[in-house]
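Colleague:
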């Protein structure tokens with residue numbers, strides 16, 4: 005049993021039990037998943053056969069450059085860096101995805117990868133979704149690479165036509181080592197002398213046409229993709245072997261969690277919070293996502309804090325005006341930036357540590373999380389205020405969403421926003437929009453299972469089939485309410501038990517139950533024994549076990565095994581002698597003595613019949629009360 009989690013908030017459509025609608029839906033998703041896994045593996049196979057460029061091992065320059073990083077790297081950063089370098093030093097193109105919460109050091113990894121490539125005499129293109137982000141990356145790369153003879157340029161609409169033309173000419177001659185820009189970089193008129201690496205920031209924000217161009221690039225050059233959308237662990241595991249992924253889950257040292265508060269729009273509170281930030285020489289974001297009245301909101305903020313310098317930014321401004329406003333804030337010439345969600349995509353201002361999100365109930369969970377991630381990038385405590393209109397009622401869904409974001413204030417919460425919008429959107433972002441529809445059709449967990457099985461089939465590995473074994477046996481096997489309290493917790497324990505695939509795991513699981521809830525009561529013990537019988541039956545590809553009583557008063561009760569693999573059942577029959585009879589292509593019978601019709605004697609008999617001679621039975625003596 006799995007809780008349905010889809011790609012959107014809409015209610016799933018129920019299928020009639022026993023009808024064909026659900027089967028058809030599953031088959032359709034299965035086909036789409038198989039095609040996608042095929043495509044991923046084809047790209048990977050093409051990359052394996054392409055003679056790529058292998059970088060030399062790290063030079064002294066690289067070591068010196070990395071040592072100049074002013075912060076201590078997190079263990080995840082170091083692991084990911086080792087993965088990237090190992091990819092770059094192989095003679096095949098790299099295609100690695102780096103997932104990490106906002107501010108977890110993805111840019112530094114990209115800079116180090118870029119340094120290694122230019123140190124090996126090749127060029128790097130850094131592709132970003134917005135012009136503002138292009139400018140920021142340009143500044144960051146230029147500062148980090150200052151003192152080294154590498155040329156960094158930015159190609160964006162903030163540059164005049166003449167400047168762009170000159171940059172393109174130098175790029176084609178090899179006079180530019182690292183170029184940063186928006187999708188303009190993959191236009192047909194952009195020529196490189198010797199392109200070695202493409203860094204893509206937030207690929208899901210590019211259009212289909214751009215993605216197709218990137219797909220062609222993937223087979224020829226090294227590609228490093230960065231995303232702040234956390235990748236769900238289950239999806240990560242499903243993609244193992246068909247996509248190289250590195251996860252950044254540890255926050256940088258000295259990073260404090262962001263204090264998040266849900267409040268009504270209150271002038272006194274807003275003034276107090278802004279002055280607290282300005283008094284510690286910080287800056288403030290004020291997000292209002294309607295261009296229509298953003299200047300009115302800026303005027304209200306100015307009234308509340310007349311002493312503050314305010315800049316206003318939104319996507320409908322003329323390019324040069326937008327840049328001027330953003331740069332005022334980045335250069336600390338403005339204290340408060342009143343902006344639309346244009347600030348969501350990667351504006352990095354370490355001195356800004358307070359953010360107000362106006363009419364916060366209008367945002368999705370992922371948007372709130374990304375916006376909140378704009379602050380808290382230095383050692384100072386950061387504050388996020390989710391402002392609500394004082395006169396308006398909130399919908400229950402919006403209230404639930406805000407509660408979730410308030411609760412998940414811990415660092416790296418992006419990985420834990422408990423399978424809500426963010427993870428599912430993450431799956432859609434990483435796999436593409438049509439896959440979001442398929443996730444909605446069958447639910448997230450089943451989708452991941454299908455993806456993993458599709459990848460296994462394509463690689464000729466055994467597929468993990470679910471253990472669908474029907475046991476109808478005369479014992480009461482369940483978790484009593486007074487043993488595992490709370491319905492949700494009980495369902496979770498049942499779910500985990502249904503996923504146990506080995507006797508060793510079952511033993512560990514039982515030990516965990518003892519540690520958490522105390523000695524197992526009788527019904528819980530029987531649940532463990534029943535799971536053991538299920539695991540043993542699975543080895544013989546048996547699909548059901550039940551007892552059949554004789555019609556009259558004469559004759560014996562028999563155990564009926566339904567099976568799906570004739571050769572396996574033949575072996576089982578040989579092991580168990582003449583009392584074990586195969587009666588047709590589906591069923592086998594075993595006659596029980598009158599002492600073996602229920603309880604422990606029946607359980608012991610089933611263990612003996614299904615266990616590997618003397619093996620699993622012995623392992624599980626601890627399930628027997630007399631031991």
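Residue numbers (this note's numbering): 5 to 631. Think of the CB as a built atom: it goes at the ideal place given N, C-alpha and C, for glycine as much as any other residue.
Starting from residue 325, trace the alpha helix (DSSP H) in both directions and tell me its first and last residue.
Modeller: 323 to 334
Colleague: Identify which residue in 603, 135, 571 has its Cα closest to the Cα of residue 589.
Modeller: Residue 589 has its Cα closest to that of 571, out of 603, 135, 571.
Colleague: Just to check, is the beta-carbon of residue 120 closer than 6 angstroms to a non-hydrogen atom of the ligand ZN?
Modeller: The ligand ZN is absent from the structure shown, which contains no ligand whatsoever.
Colleague: In the structure shown, what three-state DSSP assignment does residue 135 receive?
Modeller: Under the three-state reduction of DSSP, residue 135 is assigned to helix.
Colleague: Just to confirm the assignment, what range does the beta strand (DSSP E) spanning residue 289 have?
Modeller: 287 to 291
Colleague: With distances taken between CB atoms, is the gap from residue 317 to residue 331 smaller than 7 angstroms?
Modeller: no
Colleague: Classify residue 99: buried if its beta carbon has 16 or more other beta carbons within 10 angstroms, exposed otherwise.
Modeller: buried
Colleague: For the alpha helix (DSSP H) containing residue 87, list its first residue and its last residue.
Modeller: 79 to 92
Colleague: Express the C-alpha separation of residue 101 and residue 615 in angstroms, rounding to a whole number.
Modeller: 44 angstroms
Colleague: For residue 538 versus residue 566, is the C-beta spacing smaller than 7 angstroms?
Modeller: no
Colleague: Rounded to whole angstroms, how far is the Cβ of residue 302 from the Cβ of residue 339, which I believe are closer than 8 angstroms?
Modeller: Their Cβ separation, rounded to whole angstroms, is 12 angstroms, which puts residue 302 and residue 339 out of contact at 8 angstroms.
Colleague: Using three-state DSSP, classify residue 620 as helix, strand or coil.
Modeller: Only weak support exists for where residue 620 lies, its pLDDT of 38 falling under 50; the value from the coordinates is given anyway. The answer is helix: DSSP assigns residue 620 an H, G or I state.
Colleague: With distances taken Cα to Cα, identify the nearest neighbour of residue 563 among 176, 85, 314, 477.
Modeller: 477
Colleague: Excluding five sequence neighbours on each side, which residues of the same chain lie with their C-beta closer than 8 angstroms to the C-beta of residue 177?
Modeller: For residue 177, same chain residues with a beta-carbon under 8 angstroms away, outside a window of 5 residues either side, are 197 in chain order.
Colleague: Less than 8 angstroms between the CB atoms is what I'm expecting for residue 92 and residue 120, so what's the real figure, rounded?
Modeller: With a Cβ gap of about 6 angstroms, residue 92 and residue 120 count as contacting.
Colleague: Hey, residue 364 and residue 391: beta-carbon distance below 7 angstroms or not?
Modeller: yes
Colleague: What first and last residue would you give for the alpha helix (DSSP H) that runs through residue 492?
Modeller: 491 to 502
Colleague: Alpha carbons only, please: which of 273, 533, 87, 355 is nearest the one belonging to residue 289?
Modeller: 355
Colleague: Decide yes or no for the touch test of the segment 507 to 514 against the segment 532 to 549: beta carbon pairs closer than 8 angstroms, at least 3 of them.
Modeller: Counting Cβ pairs under 8 angstroms, three or more are found: they touch.
Colleague: Report the partner residues of residue 565 according to the DSSP bridge assignment.
Modeller: 549, 592
Colleague: Would you grab the beta carbon distance between residue 203 and residue 114 for me? Rounded to a whole angstrom, and I think it's under 8 angstroms.
Modeller: 5 angstroms
Colleague: Any chance the segment 453 to 461 sits against the segment 26 to 44, with 3 or more Cβ pairs inside 8 angstroms?
Modeller: The segment 453 to 461 and the segment 26 to 44 touch, with no fewer than 3 CB-CB distances between them shorter than 8 angstroms.
Colleague: In whole angstroms, what separates the C-alpha of residue 492 from that of residue 521?
Modeller: 15 angstroms
Colleague: If you count every other CB in all the chains shown that lies within 10 Å of the CB of residue 65, and 16 or more means buried, which is it?
Modeller: exposed
Colleague: Return the chain-ordered list of same chain residues with a C-beta closer than 7 angstroms to the C-beta of residue 458, the five sequence neighbours on each side being excluded.
Modeller: 37, 38, 41
Colleague: What residue range does the alpha helix (DSSP H) around residue 513 cover?
Modeller: 507 to 521
Colleague: Using beta-carbon positions only, say whether residue 94 and residue 58 come within less than 7 angstroms of one another.
Modeller: Closer than 7 angstroms, so yes.
Colleague: Please state whether DSSP places residue 250 in a helix, a strand or coil.
Modeller: strand
Colleague: Spatial neighbours of residue 76 within its chain, please: C-beta separation below 6 angstroms, excluding the five flanking residues on both sides.
Modeller: Cβ contact annotation for residue 76 (same chain, cutoff 6 angstroms, sequence separation greater than five): 257, in chain order.
Colleague: Give me the DSSP bridge partner(s) of residue 62.
Modeller: According to DSSP, residue 62 shares a beta bridge with no other residue.
Colleague: Taking 7 angstroms as the cut-off, decide whether the C-beta atoms of residue 185 and residue 138 are in contact.
Modeller: yes
Colleague: Closest to residue 105 by C-alpha separation, out of 126, 259, 496, would be which residue?
Modeller: For residue 105, the closest of 126, 259, 496 by C-alpha to C-alpha distance is 259.
Colleague: Looking at the structure shown, is residue 473 part of a helix, part of a strand, or coil, going by DSSP?
Modeller: Collapsing the DSSP output to three states places residue 473 in coil.
Colleague: Anyone know if the C-beta pair for residue 190 and residue 156 falls short of 7 angstroms?
Modeller: no
Colleague: In angstroms, rounded to a whole number, what distance separates the CA positions of residue 172 and residue 194?
Modeller: 6 angstroms
Colleague: Comparing alpha-carbon positions, which option in 148, 87, 132 lies nearest residue 112?
Modeller: 148
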